[in-house]
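Inspection log for the structure reproduced underneath, given as structure tokens.
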Amino acid sequence: MKDTQTLEHNVTRHPVKIAARDVQVYYGDSQAIQDVNIDINDKTVTAFIGPSGCGKSTFLRCINRMNDTIDVARVTGDIRIDGEDIYDKRVDPVQLRAKVGMVFQKPNPFPKSIYDNVAYGPRIHGLARNKSDLDDIVERALRRGAIWDEVKDRLHAAGTGLSGGQQQRLCIARAVATEPEVLLMDEPCSALDPIATAQVEELIDELRQNYSVVIVTHSMQQAARVSQKTAFFHLGNLVEFGDTDDIFTRPQDPRTESYITGRIG
Amino acid sequence: MGIILTTSTVVPLVVFIALLALGGYILARRRAMTSTGGDSRRLHSLPSYYGYNAVMSVTVPALLALGIWLLVQPMFVQSSVMEMIPAQAVPEGSSVNLVMRDVRRLAEGLDNAVQAGVMTSAEATDLTATDGLRMWLAEQGVAIGGDINPEILAAAQAYREMNLTGHVARNLVVVLLALAGVLLALRESHAEFRARNRVELGIKALLILAASLAILTTLGIVLSMLFETINFFRLHPWTDFFFGSSWAPNFRGDSDLSILPLLWGTLYISLIALLVAVPIGLFAAIYLSEYAGPKVRATAKPLLEILAGIPTIVYGLFALLTVGPFLVQVFGRGEAGFLGVDWMSGATSVLTAGLVMGIMLIPFVSSLSDDIINAVPQSLRDGSFGLGATQSETIRQVVLPAALPGIVGAVLLAASRAIGETMIVVLGAGAIARVSANPLEAMTTITTRIVSQLTGDSDFASPETLVAFALGLTLFVLTLGLNVLALYIVRKYREQYE
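Line by line, the protein sequences give chains A and B. The first sequence begins at 1 in my numbering and counts up one residue at a time. The second sequence begins at 1001 in my numbering and counts up one residue at a time.
The structure is reproduced here in structure tokens:
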């Protein structure tokens, strides 16, 4: 496992990729998150931490409008990616999700071959001109997912036959195959063993070269290891947001301090 | 007490057992309570369990013995009496079974006479065959087919005697078992006795009995069909049944009884039914499980399932009176019809039956598919939406492939229902056995032929009647095979996600 110290915590400022203002989310009558304002930088790993039910996953799902698939969910406020309001009527949520990839808590490979899993997004969006083009896209995605060497000889075997860690890296490869600009990860390691977790964390650090990565995690160690910026959510509010080092060493808000020292959870 | 020991019916016996059980309940409960000096906390089990234990030990052995006796005694008496009838007592052109029928009626007549007080039991035993006996019995309301000869009278008297002795012995055994049961239960009813565990055992045995009865019944059905089928193949060559080309039963004894034209009709109608039911049912299931909101779902699903509750004879009427004439209007009647063609003459046809059967199968396919589609994990849909797929792309490329094995299983189950369906084809398909590819012609199916071979006067010794059992067994094997295959596929699929 990588030591925290060896990861370079890059503090150079990249431009703002995602800007959220006064975001409120309601599930039916109950309010899940309120007044969230946050600027997420490009080419940075941003971690969302907080106790269960604090709204961090809900906010994550606002960024690619996955909440649209839940009938009772309602989002107000303003979320912009590269200055464009993603809740504008002219924005097609289906197109948006190709640009904002998502990796889920539980590895969810489709019951198809490894190749078809990765080729799924490019095929839907018509990204490949021909077969060899598609082969290149699949290989590139699998290499970025750091799983190419393990699966290159069995691309046509079922994706569900891989181990848990391999499945999650396959899902990451699947998400990067559509060339997204933002990658959202909802507790991507919570169903994995420590070795697979280490592999995925290493991968997340590499993905930072190309994408703005937002990761929801329950593990504060993980947030400290992989992220440059950390946001702490509590009871639907964004309590504190800043450089990861600052949040974990000099928290400003007493609630943040209680959480990272283990007193509320 | 006397009536209980001599009765030939079982009602007084059962009443006696029930009363004894009730008494046993009260006594055992009281005895258990007294054994601890009235303190129910020191009993191993709640007081009522001692009572239930007494009820069990009274009723179970006694009723079991009664049941077995009721099955065995008639068989035993019948076979012993049959041995007494000499071969010359059987008239030409009759059989020993017919003679036995007379013996039983004569014995019944004697019983009635004794009961009516016309003669005493001893007189009935000593009666000898005289010319006036038949007339005299007729006056008592007992009609005997042939002359009463001494052999038959002797057999009837023996039959009556054996039954009387049998009844007394039976009643004695049952009463003794019940009494022994109550005494045993009373002896056991003390504080340390684990009555609760005993009752638990009894309940388990009851449940096992229920489960095994269902299985044994299936076995019994299969065996009875099998024996009759073997009888059929003794009378009729199996090569004609399986490989012949025509179905033409007649009662002269040179029938063509081949299953192939019937099998063709069955499969053709089932195919049309599935062509109707599978797309509509599957699309309805996809709409209900993926697109419909909770309100629409809550109303539409029960409405669709009402279709499943309509009796098939009503579907048959619908086929005969509505769909058939409509199809004739479209495809028949020459210039007067919608299409101006004259391809269809009668309302009964493969298409009529197939369409209506398809409608019947829609709820079957849709509710099974709905369950299967709902079992596809939400995470797969999320994964697909997260990659920017639309809803129909997600369904086509992720949900349906994941649900495919289960849907195939559902279709196979629907197919096996279609093959076994009777009333719709009786009314809608016609009665002409032929092999033709034209869906507008009348054809017939295995199930319709079973119905027509067995209705009316049937003589269970001719191949024309026995063929029904061979047809039924073939049908059973066919649908059983489909069901096993379907269950295998569905189960294999279930293992994937659970």
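A virtual CB, placed ideally from N, CA and C, is assigned to each residue, including glycine. In this text, all values refer to a predicted model and were calculated from it rather than measured experimentally.
ask   = What residue from ARG1160(B), THR1394(B), LEU1466(B), SER1212(B) has the CA that sits closest to VAL1451(B)'s CA?
value = Start at 1 with the first residue of the second sequence, and residue 1451(B) comes out as number 451. Selection ARG1160(B), THR1394(B), LEU1466(B), SER1212(B) evaluated against VAL1451(B) yields LEU1466(B) as nearest (Cα-Cα).
message = Using a 10 Å radius around the Cβ and a threshold of 16 neighbouring Cβ atoms, would you call GLU201(A) buried or exposed?
response = Residue mapping note: residue 201(A) aligns to position 201 of the first sequence, counting from 1. Buried: at least 16 other Cβ atoms inside 10 Å.
message = Any beta carbon from chain A within less than 7 Å of GLU1498(B)'s own beta carbon?
response = On the second sequence, position 498 is the one that residue 1498(B) refers to. Reliability fails at GLU1498(B), whose pLDDT of 44 lies under 50, so the model's placement of it is uncertain and the value that follows must be treated cautiously. Not one chain A Cβ lies under 7 Å of GLU1498(B).
query = Which term fits VAL1376(B), buried or exposed, when burial requires 16 or more other beta carbons within 10 angstroms of its beta carbon?
reply = Sequence index remark: in the second sequence, residue 1376(B) carries index 376 (1-based). Counting Cβ neighbours within 10 Å, VAL1376(B) comes out buried, since at least 16 surround it.
Own chain, CB closer than 6 Å to ASP246(A), minus 5 neighbours either side, in chain order = In the first sequence, the residue the question calls residue 246(A) occupies position 246. Excluding sequence neighbours, ASP246(A) sits near nothing in its chain.
key: Closer than 7 Å to chain A by CB, ALA1389(B)   = By one-based count along the second sequence, residue 1389(B) stands at place 389. Answer yes: the Cβ-Cβ gap between ALA1389(B) and chain A drops below 7 Å somewhere.
request  = Count the C-beta pairs between the region 28–46 of chain A and the region 94–107 of chain A that are closer than 8 Å, then say yes if the count reaches three, no if not.
outcome  = Two segments are said to touch when three or more pairs of C-beta atoms, one from each, lie closer than 8 Å; by this definition the region 28–46 of chain A does not touch the region 94–107 of chain A.
ask   = How about VAL94(A): is its C-beta nearer than 7 Å to some C-beta of chain B?
value = Position 94 of the first sequence, counting from 1, holds the residue named residue 94(A). Yes, VAL94(A) lies at the interface with chain B (some Cβ there is under 7 Å from its Cβ).
inquiry  = Given this structure, state the Cα-to-Cα distance separating ALA1389(B) from VAL94(A), to the nearest angstrom.
reply    = Taking the second sequence and counting its residues from 1, one reaches residue 1389(B) at position 389. Taking the first sequence and counting its residues from 1, one reaches residue 94(A) at position 94. Between the alpha carbons of ALA1389(B) and VAL94(A) lies a distance of about 6 Å.
query = How about ILE137(A): is its C-beta nearer than 7 Å to some C-beta of chain B?
reply = On the first sequence, residue 137(A) is found 137 positions in, with the first residue counted as 1. It does not: the Cβ of ILE137(A) has no partner Cβ on chain B nearer than 7 Å.
query = Can you list the alpha helix (DSSP H) stretches of 4 or more residues lying completely in the region 1382–1462 of chain B, in chain order?
reply = The qualifying runs are 1391–1394, 1400–1420, 1423–1428, 1446–1454.
message = Suppose only complete runs of 3+ residues qualify. What are the beta strand (DSSP E) ranges in the region 71–155 of chain A, listed by chain order?
response = You should have 73–81, 100–103.
Residue range of the unbroken beta strand (DSSP E) whose run includes TYR27(A) = As a working note, residue 27(A) is residue 27 in the first sequence. 16–27 is the extent of the beta strand (DSSP E) around TYR27(A).
query = Tell me, which residues are paired with HIS234(A) by DSSP?
reply = Locating residue 234(A) in the first sequence gives position 234, where the first residue counts as 1. According to DSSP, HIS234(A) shares a beta bridge with ASN237(A).
message = Using beta carbons (cut-off 7 Å, strictly below), is PHE104(A) in contact with chain B?
response = Looking up residue 104(A) in the first sequence gives position 104. Yes, PHE104(A) counts as interfacial toward chain B.
inquiry  = What does DSSP give as the partner residue(s) for ASP1256(B) in the beta ladder?
reply    = What you label residue 1256(B) is simply residue 256 of the second sequence in a count that begins at 1. BP columns for ASP1256(B) point to ALA1248(B).
message = For LEU1257(B), tell me which candidate among ILE1272(B), SER1270(B), LEU1274(B), THR1239(B) has the shortest Cα-Cα distance.
response = As a working note, residue 1257(B) is residue 257 in the second sequence. The shortest C-alpha separation from LEU1257(B) is found at THR1239(B).
message = Please report whether the beta-carbon of VAL1398(B) lies at a distance below 7 Å from any beta-carbon of chain A.
response = Your numbering for residue 1398(B) matches position 398 in the second sequence. Yes, its Cβ sits closer than 7 Å to a Cβ of chain A.
query = Leaving out five residues before and five after MET1(A) in sequence, what residues of the same chain have Cβ atoms less than 6 Å from its Cβ?
reply = Working through the first sequence from its first residue, we reach residue 1(A) at position 1. In this predicted model, MET1(A) has a pLDDT of only 42, less than 50, meaning its place in the structure is not dependable; the value taken from the coordinates is given anyway. Counting only Cβ-Cβ distances below 6 Å, and skipping sequence neighbours, we find ALA198.
key: Contact with chain B by TYR211(A), beta-carbon distance below 7 Å   = Here residue 211(A) is taken as the residue at index 211 of the first sequence, counted from 1. Not closer than 7 Å to any Cβ of chain B, the Cβ of TYR211(A) fails to qualify, so no.
query = Which residues, taken in chain order from the region 69–92 of chain A, show a beta carbon closer than 7 Å to some beta carbon of chain B?
reply = THR69, ASP71
task = Can you grab the Cα-Cα spacing for the pair ILE241(A) / LYS229(A), in whole Å?
result = Locating residue 241(A) in the first sequence gives position 241, counting from the first residue. Locating residue 229(A) in the first sequence gives position 229, counting from the first residue. This sequence places Phe at residue 241(A); Ile is not what is there. PHE241(A) and LYS229(A): Cα-Cα distance of roughly 7 Å.
ask   = Does the separation of the CB atoms of VAL1490(B) and GLY1406(B) fall below 7 Å?
value = As a working mapping, residue 1490(B) is identified with position 490 in the second sequence. As a working mapping, residue 1406(B) is identified with position 406 in the second sequence. Going by C-beta atoms, VAL1490(B) is nearer than 7 Å to GLY1406(B).
query = Based on Cα-Cα distance, which residue from ARG21(A), ILE18(A), VAL25(A) lies nearest to LEU235(A)?
reply = The sequence position of residue 235(A) within the first sequence is 235, counting from 1. Closest by alpha carbon: VAL25(A).
ask   = In this structure, what does DSSP give as the bridge partners for GLY242(A)?
value = Sequence index remark: in the first sequence, residue 242(A) carries index 242 (1-based). For GLY242(A), which the question treats as bridged, DSSP gives the partners THR230(A).
key: Under 8 Å by beta carbon: chain A residues contacting GLY1409(B)   = The residue you call residue 1409(B) lines up with position 409 of the second sequence. Residues of chain A passing the Cβ test: none, with the nearest at roughly 16 Å.
key: LEU1267(B) versus PRO1150(B): straight-line alpha-carbon distance, rounded   = As a working mapping, residue 1267(B) is identified with position 267 in the second sequence. As a working mapping, residue 1150(B) is identified with position 150 in the second sequence. About 60 Å.
query = When the cut-off is 7 Å and only beta carbons count, does PRO1405(B) lie next to chain A?
reply = Position 405 of the second sequence, counted from the start, is the residue given in the question as residue 1405(B). Taking 7 Å as the threshold, the shortest C-beta distance from PRO1405(B) to chain A does not fall below it.
Nearest-angstrom Cα separation, counted from ASN210(A) out to ARG144(A) = Walking along the first sequence from the start, residue 144(A) turns up at place 144. Walking along the first sequence from the start, residue 210(A) turns up at place 210. Those two C-alpha atoms are separated by around 10 Å.
inquiry  = Quick check: is the beta carbon of GLU1228(B) nearer than 7 Å to any beta carbon in chain A?
reply    = Here the question's residue 1228(B) lines up with position 228 in the second sequence. Judged by the 7 Å Cβ criterion, GLU1228(B) is not in contact with chain A.
inquiry  = Beta carbons nearer than 9 Å to chain B: which residues of the region 122–134 of chain A have them?
reply    = ARG123, ILE124, HIS125
ask   = Is the Cβ of ARG65(A) closer than 7 Å to any Cβ of chain B?
value = In the first sequence, residue 65(A) corresponds to position 65, counting from 1. Answer no: the Cβ-Cβ gap between ARG65(A) and chain B never drops below 7 Å.
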